[in-house]
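This report concerns only the one structure given below.
Protein chains: 2
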Amino acid sequence: MRDVLSRVGDKWTMLVLLTLAEAPHRFSQVQRAIPDISKRMLSQTLQTLERDGLVLRQVFATKPPSVEYRLTELGCSLFEPLTALVRWVERSHSSIRAARQDYDTSS
Amino acid sequence: MRDVLSRVGDKWTMLVLLTLAEAPHRFSQVQRAIPDISKRMLSQTLQTLERDGLVLRQVFATKPPSVEYRLTELGCSLFEPLTALVRWVERSHSSIRAARQDYDTSS
DNA sequence: CAGGATCCCTTCCGATACTG
DNA sequence: CAGTATCGGAAGGGATCCTG
Chain X
1 MRDVLSRVGD KWTMLVLLTL AEAPHRFSQV QRAIPDISKR MLSQTLQTLE
51 RDGLVLRQVF ATKPPSVEYR LTELGCSLFE PLTALVRWVE RSHSSIRAAR
101 QDYDTSS
Chain P
1 MRDVLSRVGD KWTMLVLLTL AEAPHRFSQV QRAIPDISKR MLSQTLQTLE
51 RDGLVLRQVF ATKPPSVEYR LTELGCSLFE PLTALVRWVE RSHSSIRAAR
101 QDYDTSS
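Take a look at the structure:
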């Protein structure tokens, strides 16, 4: 339970999920959508998401081979609570910045 | 923005927030509510939460001194989206466990 | 009671290089 | 194109001891 939460809250996981929520993406497409993720981290993130049953990995035997990632039904069900959180961050990040400013200058 | 998300998704942060959402707690009370958090991590977590303006730290000059932590208004506003996420985890963690089982045995 | 300081081990993660 | 393998620095985090 605790590890599921920390998985979801992971730095890259959220971004990957939000990217795949728009539409299925290929590996390199996700990388372009999230510019500063390394191949290593993207690969790792996608693997754990696949392992957790949130993302489906589909290989096409083309030449060169392409791989498509899409959300499973379970993955889609995470979209709502996740965007609720994202909206909160969007509403609040300026307050948080201000609070940090205060805290840092007054100390 | 990204760092705010990873802050919220932090292993201990969520648990501390959920604890303080119930009621204001003193340091040692939080520690009892979250048994396997170390003093070091609790202290650190509370500090960043205070810095971010989500938690208010109130010192009472008693003997021995006691310190109370409570959510600010901003902290309270995080409660809803956070519990939405927690509810999702509660609904889904069995599916996730099952998916991991499948993934690990079939590989 | 509520922490700060230090030590030290583990995990994360970016950079680079290589493969089918 | 879609990855894996390896290395090395940086960060996370527990254990222990110390303080007002």
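If you're matching them up, the sequences are chains X and P in order. Counting in the numbering used here, the first sequence runs from 1 upward without gaps. Counting in the numbering used here, the second sequence runs from 1 upward without gaps. For glycine and all other residues, C-beta sits at the position ideal for the given N, C-alpha and C.
What is the residue span of the beta strand (DSSP E) that residue i lies within?
i	result
Ser38 of chain P	Looking at the DSSP string, Ser38 of chain P is not in any beta strand (DSSP E), and its letter there is neither H nor E.
Leu56 of chain P	55-60
Can you find a C-beta in chain P that's less than 8 angstroms from the C-beta of residue i?
i	result
Val4 of chain X	yes
Met14 of chain X	yes
His25 of chain X	no
Lys39 of chain X	no
Ile34 of chain X	no
Ser106 of chain X	no
Ser43 of chain X	no
Leu71 of chain X	no
Leu49 of chain X	no
Asp77 of chain X	One point to set straight first is that residue 77 of chain X is Ser, not Asp, in the sequence displayed. With 8 angstroms as the cut-off, Ser77 of chain X counts as an interface residue toward chain P.
Leu74 of chain X	yes
Just to confirm the assignment, what range does the alpha helix (DSSP H) spanning residue i have?
i	result
Ser66 of chain X	Run containing Ser66 of chain X: none in the alpha helix (DSSP H); it sits in the beta strand (DSSP E), 66-71.
Leu18 of chain P	11-22
Ser28 of chain P	27-33
Asp104 of chain P	79-105
Asp3 of chain P	2-8
What is the C-beta distance between residue i and residue j, in whole angstroms, given that I count them as a contact (C-beta under 8 angstroms)?
i	j	result
Leu146 of chain P	Pro81 of chain X	It is not possible to answer for residue 146 of chain P, since the shown part of chain P is limited to 1 through 107.
Leu78 of chain X	Leu17 of chain X	7 angstroms
Thr45 of chain P	Thr13 of chain P	6 angstroms
Arg100 of chain P	Asp52 of chain X	6 angstroms
Would a check of beta-carbon distances place residue i closer than 8 angstroms to chain X?
i	result
Ser1 of chain P	Inspection of the sequence shows that residue 1 of chain P is occupied by Met rather than by Ser. For Met1 of chain P, the answer is yes, since a Cβ of chain X falls inside 8 angstroms of its Cβ.
Val8 of chain P	yes
Val89 of chain P	yes
Arg57 of chain P	no
Pro64 of chain P	no
Tyr103 of chain P	yes
Ser28 of chain P	no
Arg100 of chain P	yes
Ala84 of chain P	yes
Cα-Cα, which of the options is closest to residue i?
i	options	result
Arg97 of chain X	P:Pro35, P:Met14, P:Glu50	P:Glu50
Thr72 of chain P	P:Arg32, P:Arg91, P:Glu22, P:Ser92	P:Glu22
Val135 of chain P	P:Trp12, P:Gln31, P:Leu15, P:Leu78	Because chain P in this structure spans residues 1 to 107, residue 135 of chain P falls outside the shown range and cannot be described.
Gly75 of chain X	X:Pro65, X:Arg57, X:Tyr103, X:Ser106	X:Arg57
His25 of chain X	X:Leu42, X:His93, X:Asp10, X:Gly9	X:Leu42
Arg70 of chain P	P:Ala99, P:Gln101, P:Gln47, P:Lys39	P:Gln47
Leu15 of chain X	X:Asp36, X:Asp102, X:Asp3, X:Ser107	X:Asp36
Ser38 of chain X	X:Lys63, X:Ala61, X:Lys11	X:Lys11
Gly9 of chain X	X:Val89, X:Asp104, X:Ser106, X:Ala61	X:Val89
Val4 of chain P	X:Arg2, X:Ser107, X:Ser94, X:Gln29	X:Ser94
Pro64 of chain P	P:Ser92, P:Ser28, P:Ile34	P:Ser28
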